[in-house]
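*Asks:*
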Amino acid sequence: MKLAQIKGNYDAIFSLGDHCTPSIQLEKNKLRPYSGVLDWLISLNLSDVNRLLKNRFQGFMELANLKIIGTAYGKNLLVLDEAYQLSSNHDFFTSKNTLHELTAYPEVKAKYDRRVQRFMEKMNTAHHLLFIRCGNHTKEQVDELHAILSELVTHDYRLILVKHSPVQQMIETRCTYDNVCTLELPMDNILTANDHWWKEILDGIHIV
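For the sequence shown, the working numbering assigns the number 1 to the initial residue and increments by one for each residue that follows.
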């Protein structure tokens, strides 16, 4: 699917992670009215995200599966969900938690439960959904994600996959699915240096 064919109106847009770039860019382009489940989590392996979606988030962020790894940015804890290999570095503040105890776990879990509920409601009710995923992926992982989303989403959806590569500009690559757009973006300073490319990607996309 060509990028031009992605343009249009959507009921909701969700980041499928890798890191926080998709959610940051959605927010910069005023396409993020609320937080998604994976917005601020580190999810480097698409297979883990596929498994999370396939399992309908069963066991996600359960206390028994959380392991404190260390600190992040000096004010947060880095916490790993060992069930899905997802890392949180924005949720557990050092002012409320310690390296030995996640004191604020109930409020963090409640927050994610709300996000999961909203996500699943949109899967069932929204007529036009857009998903954005950054990071490396194999054809097999994309095939699996496509199959899972096709089962999860009741109506129509489209997917943008962005891979950061040693390129100098945005490149559209070929994808066999008629509702999936695959792109490559420059890999240097991915959080801010590609703002103009993301503006081009998201221009003409609206939430209604």
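Using N, Cα and C, we set each Cβ at its ideal position, and we do this for glycine too.
Under a three-way DSSP split, which group does Ser35 fall into?
*Replies:* Here Ser35 sits in coil by DSSP.
*Asks:* Using a Cβ-Cβ cut-off of 7 Å (strictly less than) and excluding sequence neighbours within five positions of Gln85, which residues of its own chain qualify?
*Replies:* Asn45 and Asp48.
*Asks:* Ignoring anything shorter than 3 residues, give me the beta strand (DSSP E) runs that lie fully in the region 74 to 155, in order along the chain.
*Replies:* With a minimum length of 3 residues, the continuous beta strand (DSSP E) runs that stay inside the region 74 to 155 are 76 to 81, 86 to 88 and 128 to 134.
*Asks:* Starting from Glu62, trace the beta strand (DSSP E) both ways and give me its first and last residue.
*Replies:* Where Glu62 is concerned, there is no enclosing beta strand (DSSP E), given that its DSSP letter is neither H nor E.
*Asks:* Taking Cβ to Cβ, would you say Val180 is nearer than 7 Å to Leu202?
*Replies:* Cβ atoms of Val180 and Leu202: not closer than 7 Å.
*Asks:* Starting from the C-beta of Lys75, find all residues in its chain whose C-beta is less than 8 Å away, skip the five residues before and the five after it, and write them out in chain order.
*Replies:* So the qualifying residues of the chain are Phe93, Thr94 and Ser95.
*Asks:* Around the C-beta of Asn189, are 16 or more other C-beta atoms found within 10 angstroms, so that it is buried, or is it exposed?
*Replies:* Counting Cβ neighbours within 10 Å, Asn189 comes out exposed, since fewer than 16 surround it.
*Asks:* Keeping to the same chain, check which residues put their C-beta closer than 6 Å to that of Val155; ignore five residues upstream and five downstream.
*Replies:* The amino acid at residue 155 is misidentified as Val; the sequence shows His. Only His127 meet the Cβ criterion.
*Asks:* Taking the C-alpha atoms as reference points, what is the distance between Ile171 and Lys109?
*Replies:* Each residue's Cα considered, the two are about 39 Å apart.
*Asks:* How would you write the range of the alpha helix (DSSP H) that Ile6 sits in, first residue to last?
*Replies:* Ile6 -> alpha helix (DSSP H) spans Leu3 to Ile6.
*Asks:* Based on Cα-Cα distance, which residue from Glu82, Leu185, Val208 and Arg174 lies nearest to Gln168?
*Replies:* Among Glu82, Leu185, Val208 and Arg174, the Cα nearest to that of Gln168 belongs to Leu185.
*Asks:* Under the DSSP definition of a beta bridge, which residues are partnered with Arg158?
*Replies:* The partner list for Arg158 (beta bridge, DSSP) reads Leu130.
*Asks:* I'd like the span of the beta strand (DSSP E) that includes Ser43, first residue to last.
*Replies:* Counting along the chain, Ser43 falls outside any beta strand (DSSP E), and DSSP gives it neither H nor E.
*Asks:* Counting C-beta neighbours from all protein chains within 10 Å, is the total for Leu5 16 or more, i.e. buried, or is it exposed?
*Replies:* Checking the displayed sequence, the identity of residue 5 turns out to be Gln instead of Leu. Per the 10 Å Cβ criterion, exposed.
*Asks:* To which residues of the same chain is Leu183 closer than 8 Å at the C-beta, ignoring the five residues directly before and after it?
*Replies:* If we look at Leu183 and ignore the five residues flanking it on each side, its Cβ neighbours are Leu3, Ile160, Leu161, Val162, Lys163, Met170, Ile171, Glu172, Thr173 and Ile201.
*Asks:* Please classify Leu26: does DSSP put it in a helix, a strand, or coil?
*Replies:* Residue state, collapsed to three classes: helix.
*Asks:* Measure from the alpha carbon of His146 to the alpha carbon of each residue in Ala12, Leu16 and Gly8, then state which is nearest.
*Replies:* Checked all of Ala12, Leu16 and Gly8; the closest Cα to His146 is Leu16.
*Asks:* Within the same chain, show all residues whose beta-carbon is closer than 6 Å to that of Asn97, passing over the 5 residues directly before and after it, in chain order.
*Replies:* Only Leu77, Thr103 and Ala104 meet the Cβ criterion.
*Asks:* Would you say Asp41 and Ser88 are within 7 Å of each other, going by their C-beta atoms?
*Replies:* Correcting the residue type first, residue 41 is Leu in the shown sequence and not Asp. Contact flag set, yes.
*Asks:* Using the Cβ count rule (16 or more neighbours within 10 Å means buried), how would you classify Thr21?
*Replies:* So Thr21 counts as buried.
*Asks:* Taking the alpha carbon of Asp91 as the point to measure from, which residue in His100, Tyr112, Glu82 and Ala83 has its own alpha carbon closest?
*Replies:* It is Tyr112.
*Asks:* Quick one: Cα of Ile132 to Cα of Gln141, how far?
*Replies:* If I take the Cα positions, the gap works out to 15 Å.
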